[in-house]
Structure formats: structure tokens, C-alpha cells
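Everything on this sheet refers to the single structure shown next.
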Amino acid sequence: MTSTQLAPPDAGTDRDAPAVHVRGLRKSYGGRAVLDGLDLEVRRGECFALLGPNGAGKTTTIEVLEGVRRRDAGSVLVLDEDPATAGRGWRGRIGVVSQGEGAAQALTVREALDHFAAYTATPRPTDELLAAVGLEEMASTRVGRLSGGQRRRLAVALGVQGNPELVFLDEPTTGMDPVARRQFWQLVRDLRAGGTTVLLTTHYLDEAAELADRVGVIAGGRLVEVAPPAELGAALRREATVRWREDGGWREVRTAAPAGVLRDLLAATPHDEVPGLTVTRPGLEDVYLALVGATPGGELR
Ligand SMILES: Nc1ncnc2c1ncn2[C@@H]1O[C@H](COP(=O)(O)OP(=O)(O)OP(=O)(O)O)[C@@H](O)[C@H]1O
1 MTSTQLAPPD AGTDRDAPAV HVRGLRKSYG GRAVLDGLDL EVRRGECFAL LGPNGAGKTT
61 TIEVLEGVRR RDAGSVLVLD EDPATAGRGW RGRIGVVSQG EGAAQALTVR EALDHFAAYT
121 ATPRPTDELL AAVGLEEMAS TRVGRLSGGQ RRRLAVALGV QGNPELVFLD EPTTGMDPVA
181 RRQFWQLVRD LRAGGTTVLL TTHYLDEAAE LADRVGVIAG GRLVEVAPPA ELGAALRREA
241 TVRWREDGGW REVRTAAPAG VLRDLLAATP HDEVPGLTVT RPGLEDVYLA LVGATPGGEL
301 R
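Start counting the sequence shown at 1; every next residue gets the next number (UniProt numbering).
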């Protein structure tokens, strides 16, 4: 995939208003609340990543924002319109890459792109799209014969075909190999550099850290924290763990001031040698697990 600069999206109606504005979003399935008063704001031009465990409600949220799922309560504005009532003009301003399998299995990749271009007001040229998602060599292959990761790439190409102002990417890199993931990341960076707002869901914390300006974590039906990836869980991150061996076992101290602990430790140790000494701070994964209430072993607290 090349890092083709993508055409800037059309100017929106109000450039200062957030691209997505959600207050008090509620959604239940069969009496069970999945979204329980979710607030969310995505700024124009940013890449926002929604994180959360399986079943947290990420897809439900995205589908409500896309206007394909009804909400029970709450206010939702996407590009200044309510997706529940917005018309075709609005639909043309958003791009959707969902988790589902695409149609058009019997068409070749190029035919599929040409076919859907006919429904798009100002489609990006098919060759440009093929290059952007690294599918040039598969252009003549039938969609039904693509691998799972290649299908995801095609889905991404279709999602950005109409130069959307805002693109929704629901677990876009699931099933992609590491090379394809990195190509996809470049595509997202290009989109963002061209002014497109990106809202993506992912289970890959490295992906969120790599791409997102801000990350939001859904748990218990709400957004429990929103921050740039490096600042997520700031309070949790302040605490370091100092660990060393002593008397045949491991000792561990959690502290916001590891330098002081080290000074005391070294002062009490002959020859300045502390066996097995490490100082670690929680990474994004530790913070995420703490926020969603799970232990590193996987079980919920
Ligand atoms: N159409 C539906 N009918 C009934 N329950 C549903 C429906 N769609 C989703 N759910 C349930 O709602 C909850 C949230 O699902 P959702 O797909 O929004 O979560 P998610 O965060 O996207 O999960 P994942 O990470 O596994 O994709 C799950 O428990 C799911 O089983």
C-alpha cells in the first residue's frame, strides 16, 4: 500500500461542532441493558478508538451512530444530524466498515469496487483504492475467493470509496496479518492527514496506541475513561512497582516515588547490588485491564 494522500473531505456544515455528540445513550436487548447512559464526543479530524471487552457494546454504539440500529434513549448527533432520521445526503458523508461479510461474492475485486462506485456521488478512482489497501494484485480475483484479511481490506476500500467526512471502522484489522495491519494503519493515518474523522473499535491495544488521538474505554454500559493513549489511567500509571530478590524470595513495593525506595534499598545493600532489581510502571494493557475490571489472567474481578 502506498501512502497516497487522500483527498480532503467536503467541508461540513459546522466545523467547530464535534463530529459525534452522544449524551445518555441507552440500549437494551431483551430487557438487558447493554448501553446504560453512554456519553461520547468525537472531535472533527481526530482518530478516536473505542476499547472494551467482548459484549461491552462497541458495535451497538457504532451501529446507533451509523443509523442502522435504534436506540432506546439519549441524544445522538453525527455530523450535526440525528442518524435515526438523517437522509441520503448525510449517509453519503459517512463511511462504514462493519464486521459483517460483504456481498458481491461472485464479482472480482475491481468489479465490486466499480459496482459500488455507481452508488457513490464522488467515488475515489478504483485504482487509487486498490493501491491504498494493497489489493492491486487481487483486482481480478473473485471476492468469494479472498482470504479473511483480504476481505477486510476490500471492506475498508468500500468504506472510504465516497471520500467520507467521518468513517466508522468496526474491528477493521481482525484477521489481518501483521503486514496488512501495518498497511492498514498507514491508510488510517492518510485518511486522518486528509482531514477525515475516524472512529474505530479494536481489541488491539497497540493499534489504539498507534492510531488514536484519544481512546475511550467502554465498561458497564458507559465510557469509563477517555484520554490520549499515553495518558489513559494517569492515576494508575503514577504508581511504579519496585521488585527485587531478598532472602531467597521476591519482595515487591508499589510506590509513586520509586527513586526514594531505590535509595533506601541501595543504602541497605552491600556493594550496591540488589539481585533481580526491576522498576516497572503499568503499560496500556495493565491500565485497560484495571479500567474494565479484569485481572491479567482474564477473569473479571
Ligand atoms: N441483535 C441483538 N439481539 C440481542 N442481543 C444483542 C444483539 N446485538 C448485540 N447483542 C448483545 O449485546 C451485547 C453487546 O454486543 P456488541 O456487539 O455491541 O458488543 P461489542 O463490544 O461490539 O463486542 P465484541 O467486542 O465481541 O464485538 C452482547 O452481549 C451481545 O450479545
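Note that CB positions come from ideal geometry on N, CA and C, so glycine has one too.
Residue i - DSSP class collapsed to helix/strand/coil
i       : result
Val-287 : helix
Ala-73  : strand
Gly-293 : coil
Ala-17  : coil
Gly-24  : strand
Leu-199 : strand
Thr-280 : strand
Residue i Cβ short of 7 Å to ligand 1 heavy atom set
i       : result
Gly-30  : yes
Val-22  : no
Gly-216 : no
Val-34  : yes
Ala-56  : yes
Thr-278 : no
Thr-202 : no
Gly-52  : yes
Element boundaries [beta strand (DSSP E), containing residue i]
i       : result
Asp-264 : Careful: Asp-264 lies outside any beta strand (DSSP E), inside the alpha helix (DSSP H) at 258-267.
Val-215 : 214-219
Val-242 : 240-246
Ala-227 : 222-227
Glu-41  : 32-42
Residue from the options whose Cα sits closest to the Cα of residue i
i       : options                               : result
Glu-46  : Leu-191, Gln-161, Asp-213 and Ser-28  : Asp-213
Gln-161 : Val-226, Ile-218, Val-133 and Leu-265 : Val-133
Ala-227 : Leu-25, Phe-48, Arg-32 and Tyr-29     : Phe-48
Trp-244 : Gly-233, Leu-35 and Pro-258           : Pro-258
Asp-170 : Leu-187, Gly-159 and Pro-178          : Gly-159
Gln-105 : Pro-178, His-203, Gly-148 and Leu-191 : Gly-148
Met-138 : Thr-122, Phe-116, Pro-123 and Leu-107 : Leu-107
Asp-16  : Lys-27, Tyr-119, Leu-25 and Arg-43    : Arg-43
Gly-194 : Glu-165, Val-179, Thr-201 and Val-224 : Glu-165
Where the alpha helix (DSSP H) through residue i begins and ends
i       : result
Ala-208 : 205-211
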